[in-house]
Amino acid sequence: MADVSEVPEEREFPHPGWQPISRVVNLPGPFFENCLFMPSYSDFTSHIYILKGEYLTVVDPGNDYTAFMELWGLGFMPAQIKKIIVTHGHPDHWLGGVDLLRSYPDIGKGGGLEVILHGAGSPQLKQTLKELGAQVTEVSGGETLDLSGEKWEVIHTPGHTLDGICVYHAPTKTVFTGDVVLPLAMAEPDAKAGGRLDHYLFGVNALLKKDIENVFPGHGPLVGPDGKRVIEDTYEALLMRVIGAQGPVRWIEGAKALAQKGLLEEALFCCDKEMARDEENLTALELKAICLGDLGRNSEALEVLDKILARKNDHAFALTSKGCALMELGRHEESLNYFESALKTNPSMKEVLMYKGMALYLSGRYEDAMKIETFRMQFAGRFREELLKKTKPPKP
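Quick note: the sequence shown, position 311, residue 314 per the numbering used here, numbers continuous.
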C-alpha cells in the first residue's frame, strides 16, 4: 500500500474570473472583445455574460453574487448595468439579478434597470423584480432588442422550460442559448417548468433556421465558429428521443417514424441527413417531396420531384406529385401534362383522375372536367364547395 503522503493531491486550478470572449474562443474583433464571460463556479450556477457598450447588459446573472464583486474590481460600477436578460426561469440563471437589486437598490430606482424575460416566466419572479424597482419587460419571441447599442433578436425556445428564450446577433452569427443548447449534454425537459419534448423540437428547430456560428450556452464550453454543429447535435438527440430509438437508427427510418407522427419538418431534417450519406436514396427523395408538399412548400417540392423524374421519367408518384404542386401554385394547365403522363403508366388510378378533373375545372374547362366520371362523382360531394371557392371572383 502506498504511503498516503506519496499520493498526489488533486490540483485545484484557479478560477479565471471575467474574461473577454475574444480570448476564450479566439474570436477577434471589437464585438467579442466587448463581450465579457464569467464561467460558472459549479454545476449549480450558470455562466454569466456582460455586453459592454453604451451601458452594460447582463445575459443570465447566475446565482453567485461574488461574480459582480469581481466585476466592480475591474472598474465597473453597479449603475452601469441597465439591462438584464433572463434566458429561462431556473434560479441558477436569475438569482444573481435579485441579489444585485437588493445589494444596490439605487440601480432599480425609477425603472433604471430593465429585466427582460419571456411572458410565461414565473409570476413570483416578476413581482419580486418589480418590488425591487426593476422595469420588467415581457417578450414572446420575434422582438428586436437594443442591448448595449447592438440589435439582438429574441427567439422563443421552449422545451427545457416553457419560458426559454435565446438572443441572436445576426451580424456576428452569435446566439446566447441558456440551457436549450448545451455543447456536451442535452438539458432535460423540466415538466414542472412547462418543459415538453415536442416544444423542445420547435425551439431548437427555430435556431436551426438562423445563420449561427457562435453558441454561448448557460453551461459548458463556449463554441465558435462551429456552433451550428452543436445545435444540430441537440436536434438529432431530440429526434431520437421522440421516436424512442434505443440504439443507432438509419436516418431514413427516423424520417419515416417522424412523418408518421406528423412531425414533417423533423422528417425533412432526417431526409437531408440520409441524402448527405447517400444522395441516390430514392426513398428519401420521395419522402422529402411528400413532406414539402404537405407543408405547402411547393416550389421546393418541385425541385425534389425533378430530381426523381430525371432518374425515372415515368415515376407515377413523382408525376402525380408534381402535378399537384403545380396545381397548388396556380399553374393548372401545366399540371395537366403531369397528370396525363401519370395516367399513361396506369389509366385506372382514381386519385390521379380526380386531380386531373380538379385541374381542368380550375382551368375553366368545366365540361371536360365533368367527362371524368371519378371526378364528377366526387364533385357532387366533397370537392364542389371547395372548388367553387377557388373559382369565385373576389368581391369588388
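By construction, the Cβ of each residue, glycine as well, lies at the ideal position given by its N, Cα and C atoms.
With H, G and I counted as helix, E and B as strand and the rest as coil, what does DSSP make of residue i?
{"i": "Glu191", "result": "coil"}
{"i": "Ile119", "result": "strand"}
{"i": "Phe47", "result": "coil"}
{"i": "Thr1", "result": "Given that the chain is displayed from residue 4 to residue 399, the structure contains no residue 1 and the question cannot be resolved."}
{"i": "Ile246", "result": "coil"}
{"i": "Ile168", "result": "strand"}
{"i": "Phe179", "result": "strand"}
{"i": "Pro161", "result": "coil"}
{"i": "Pro19", "result": "coil"}
{"i": "Phe382", "result": "helix"}
{"i": "Ser2", "result": "Outside the shown range of the chain (4 to 399) lies residue 2, about which nothing can therefore be said."}
{"i": "Ala5", "result": "At Ala5, the pLDDT of 38 sits below 50, so the modelled position is not reliable and the matter cannot be decided from this model."}
{"i": "Leu135", "result": "coil"}
{"i": "Glu306", "result": "helix"}
{"i": "Lys264", "result": "coil"}
{"i": "His96", "result": "helix"}
{"i": "Lys325", "result": "helix"}
{"i": "Asn208", "result": "helix"}
{"i": "Val101", "result": "helix"}
{"i": "Arg199", "result": "coil"}
Look up residue i in the DSSP assignment and give the residues it is bridged to.
{"i": "Cys38", "result": "Leu54"}
{"i": "Leu59", "result": "Ile84"}
{"i": "Gln127", "result": "DSSP, once it has assigned bridges, lists no residue as partnering Gln127."}
{"i": "Thr140", "result": "Ile119"}
{"i": "Thr147", "result": "Glu156"}
Going by the beta-carbon positions, is the gap between residue i and residue j smaller than 7 Å?
{"i": "Gly181", "j": "Thr69", "result": "no"}
{"i": "Ser366", "j": "Glu336", "result": "yes"}
{"i": "Gly56", "j": "Gly152", "result": "yes"}
{"i": "Val183", "j": "Gly197", "result": "no"}
{"i": "Glu277", "j": "Ile255", "result": "yes"}
{"i": "Thr177", "j": "Gly167", "result": "no"}
{"i": "Gly162", "j": "Pro186", "result": "no"}
{"i": "Leu322", "j": "Val307", "result": "no"}
{"i": "Val170", "j": "Ile53", "result": "no"}
{"i": "Leu225", "j": "Val101", "result": "no"}
{"i": "Leu135", "j": "Leu104", "result": "yes"}
{"i": "Leu267", "j": "Leu298", "result": "yes"}
{"i": "Ile234", "j": "Leu211", "result": "yes"}
{"i": "Asn301", "j": "Leu332", "result": "yes"}
{"i": "Leu305", "j": "Ala328", "result": "yes"}
{"i": "Leu241", "j": "Leu285", "result": "no"}
{"i": "Ser143", "j": "Gly92", "result": "no"}
{"i": "Gly360", "j": "Ala345", "result": "no"}
Can you say whether residue i is buried or exposed, counting buried as having 16 or more other CB atoms within 10 angstroms of its CB?
{"i": "Thr48", "result": "buried"}
{"i": "Tyr341", "result": "buried"}
{"i": "Pro17", "result": "exposed"}
{"i": "Ser8", "result": "With a pLDDT of 42 at Ser8, under the threshold of 50, the predicted position of this residue should be treated as unreliable, and no value is reported."}
{"i": "Ala279", "result": "exposed"}
{"i": "Glu283", "result": "exposed"}
{"i": "Ala362", "result": "buried"}
{"i": "Gly230", "result": "buried"}
{"i": "Ser448", "result": "Residue 448 lies beyond the residue range present for the chain, which begins at 4 and ends at 399; the question has no answer from this structure."}
{"i": "Gln22", "result": "exposed"}
{"i": "Tyr369", "result": "exposed"}
{"i": "Asp281", "result": "exposed"}
{"i": "Gly221", "result": "buried"}
{"i": "Ala82", "result": "exposed"}
{"i": "Ala313", "result": "exposed"}
{"i": "Asn349", "result": "exposed"}
{"i": "Asp109", "result": "exposed"}
{"i": "Pro42", "result": "buried"}
{"i": "Pro64", "result": "buried"}
{"i": "Ala188", "result": "exposed"}
{"i": "Pro11", "result": "Residue placement at Pro11 is poorly supported in this model, since its pLDDT is 45, which falls under 50; the coordinates are not used for a value here."}
{"i": "Gly113", "result": "exposed"}
{"i": "Pro399", "result": "In this prediction, Pro399 has a pLDDT of 48, which is less than 50 and means its spatial position is unreliable; what the coordinates show is noted afterwards. By the neighbour-count rule (16 or more Cβ atoms within 10 Å), Pro399 is not buried but exposed."}
{"i": "Lys264", "result": "exposed"}
{"i": "Gly250", "result": "exposed"}
{"i": "Thr164", "result": "buried"}
Report the start-end ranges of each beta strand (DSSP E) in the region 210-237 that is 3 residues or longer and not cut off at the edges. 217-220
Could you tell me which uninterrupted alpha helix (DSSP H) segments, each at least 4 residues in length, are contained entirely in the region 252-300, listed from first to last along the chain? 254-263, 267-280 and 285-297
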